[in-house]
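Participant:
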Amino acid sequence: MKKMNPPEERSEMLRLVERNISALVERSRESELKRSREQRLADFITHFAGSMRFVYIHLLIYGLWIFVNLGWIPGPKFDPTFVVLAMVASVEAIFLSTFILISQNRMSQLAERRAELDLQISLLAEHEITRLLTLVADIATRMHVDIAERAEVEELKKDIQPREILDEIERRHPDSEL
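Residue numbers for the sequence shown follow this note's numbering, so the first one is 28 and each next one is one higher.
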């Protein structure tokens with residue numbers, strides 16, 4: 028049977044979770060407000076280009092263009108060789124891909140910042156865990172409790188050096204840009 032935490036612990040944990048969520052939401056809001064007019068435009072166009080409304084509009088426009096110029100719909104043919112259609116589609120593709128790249132670059136920068144935050148939190152947690160392990164090992168020694176894997180505990184009590192880990196990753200993966 029699963030052991031339930033006392034209500035005080037649950038409420039404290041809930042407060043911590045709510046605090047963290049609020050901080051993330053607030054930071055996200057701030058980031059959205061800091062976007063330049065160009066970034067907002069690129070994000071809007073990217074969002075619209077990734078919608079079914081965009082697909083339907085293009086089906087309608089390009090479908091009508093093709094039907095008219097094939098002579099399936101009465102009226103004058105304004106692009107019988109479809110050269111203009113190809114040019115319009117090419118120019119549109121150039122601009123759409125540029126807007127998408129602008130949005131992706133911004134999202135990549137945000138993801139990089141979040142990854143750096145995650146790394147900092149992980150490094151702080153590792154440091155705190157190392158200190159706790161040292162404290163527990165010292166308590167065990169004072170209470171004459173035998174630690175079966177003493178060598179492993181001594182190794183775990185050492186702080187991790189991020190630069191050494193990064194150097195090892197680069198040594199094993201020379202193409203890495205860490």
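Glycine included, every Cβ here is placed at the ideal spot set by N, Cα and C.
Could you tell me whether the Cβ atoms of alanine 76 and isoleucine 129 are closer together than 7 Å?
Facilitator: In the sequence shown, the residue the question calls residue 76 occupies position 49. In the sequence shown, the residue the question calls residue 129 occupies position 102. Contact flag unset, no.
Participant: With distance defined between alpha-carbon atoms, name the residue in Phe122, Asn132, Lys184 and Val118 nearest to histidine 154.
Facilitator: Position 127 of the sequence shown, counting from 1, holds the residue named residue 154. Across the set Phe122, Asn132, Lys184 and Val118, the C-alpha of Lys184 shows the shortest separation from the C-alpha of histidine 154.
Participant: Based on Cα-Cα distance, which residue from Ser117, Thr125 and Ala142 lies nearest to phenylalanine 71?
Facilitator: Translated into the one-based positions of the sequence shown, residue 71 becomes position 44. That would be Thr125, whose Cα lies nearest to the Cα of phenylalanine 71.
Participant: When you compare only the Cα positions, how much space is there between valine 21 and asparagine 47?
Facilitator: With the chain represented from 28 up to 205, any question about residue 21 goes unanswered, as that position is not in the structure.
Participant: Inspect the beta-carbon positions of valine 180 and isoleucine 187 and report whether they are closer than 7 Å.
Facilitator: Position 153 of the sequence shown, counting from 1, holds the residue named residue 180. Position 160 of the sequence shown, counting from 1, holds the residue named residue 187. No; because the gap between Cβ atoms is not below 7 Å, this pair is not in contact.
Participant: Given a cut-off of 7 Å on the beta-carbon distance, is the pair isoleucine 100 and phenylalanine 94 in contact?
Facilitator: The sequence position of residue 100 within the sequence shown is 73, counting from 1. The sequence position of residue 94 within the sequence shown is 67, counting from 1. For isoleucine 100 and phenylalanine 94, yes; Cβs fall inside 7 Å.
Participant: Could you check whether arginine 133 and glutamine 66 sit closer than 7 Å to each other, using their CB atoms as the reference points?
Facilitator: Here residue 66 corresponds to residue number 39 of the sequence shown, with the count starting at 1. Here residue 133 corresponds to residue number 106 of the sequence shown, with the count starting at 1. Closer than 7 Å, so yes.
Participant: State yes or no: is the C-beta of isoleucine 127 within less than 7 Å of the C-beta of threonine 161?
Facilitator: Here residue 127 is taken as the residue at index 100 of the sequence shown, counted from 1. Here residue 161 is taken as the residue at index 134 of the sequence shown, counted from 1. Their beta carbons are not under 7 Å apart, which means isoleucine 127 does not touch threonine 161 by this criterion.
Participant: Roughly how many angstroms separate the alpha carbons of arginine 171 and alanine 178, rounded to a whole number?
Facilitator: If you number the sequence shown from 1, residue 171 lands on position 144. If you number the sequence shown from 1, residue 178 lands on position 151. Per the sequence shown, residue 171 should be read as histidine rather than arginine. Going by the C-alpha atoms only, they are around 17 Å apart.
Participant: Name the two residues that bound the continuous alpha helix (DSSP H) containing proline 189.
Facilitator: Counted from its first residue, the sequence shown places residue 189 at position 162. Per DSSP, proline 189 belongs to the alpha helix (DSSP H) from 189 to 199.
Participant: Tell me the residue span of the alpha helix (DSSP H) that contains threonine 108.
Facilitator: Counted from its first residue, the sequence shown places residue 108 at position 81. For threonine 108, no alpha helix (DSSP H) segment is defined, and its DSSP state is neither H nor E.
Participant: Mapping DSSP to helix, strand and coil, what is glycine 2?
Facilitator: Since the first residue of the chain shown is 28 and the last is 205, residue 2 is not available in this structure.
Participant: With DSSP run on the structure shown, which of helix, strand or coil describes histidine 85?
Facilitator: Numbered from its first residue, the sequence shown carries residue 85 at position 58. Of the three classes helix, strand and coil, the one that applies to histidine 85 here is helix, per DSSP.
Participant: If I measure Cβ to Cβ from glycine 102 and keep anything under 7 Å in the same chain, skipping five residues before and after, which residues do I get?
Facilitator: Here residue 102 is taken as the residue at index 75 of the sequence shown, counted from 1. Result list for glycine 102: Val95, in chain order.
Participant: If I follow the unbroken alpha helix (DSSP H) through histidine 171, where does it start and stop?
Facilitator: Sequence index remark: in the sequence shown, residue 171 carries index 144 (1-based). Counting along the chain, histidine 171 falls outside any alpha helix (DSSP H), and DSSP gives it neither H nor E.
Participant: My output table needs one value for arginine 62: the three-state DSSP class, helix, strand or coil.
Facilitator: One-based indexing of the sequence shown puts residue 62 at position 35. In this structure, DSSP gives arginine 62 a state outside helix and strand, which the three-state scheme calls coil.
Participant: List the whole-angstrom C-beta distance separating leucine 137 from serine 58, where the pair is believed to meet the contact cut-off of C-beta under 8 Å.
Facilitator: Position 110 of the sequence shown holds residue 137. Position 31 of the sequence shown holds residue 58. About 7 Å; that satisfies the 8 Å criterion.
Participant: Return the CA-CA distance between isoleucine 166 and leucine 43, expressed in angstroms with no decimal places.
Facilitator: If you number the sequence shown from 1, residue 166 lands on position 139. If you number the sequence shown from 1, residue 43 lands on position 16. Each residue's Cα considered, the two are about 29 Å apart.
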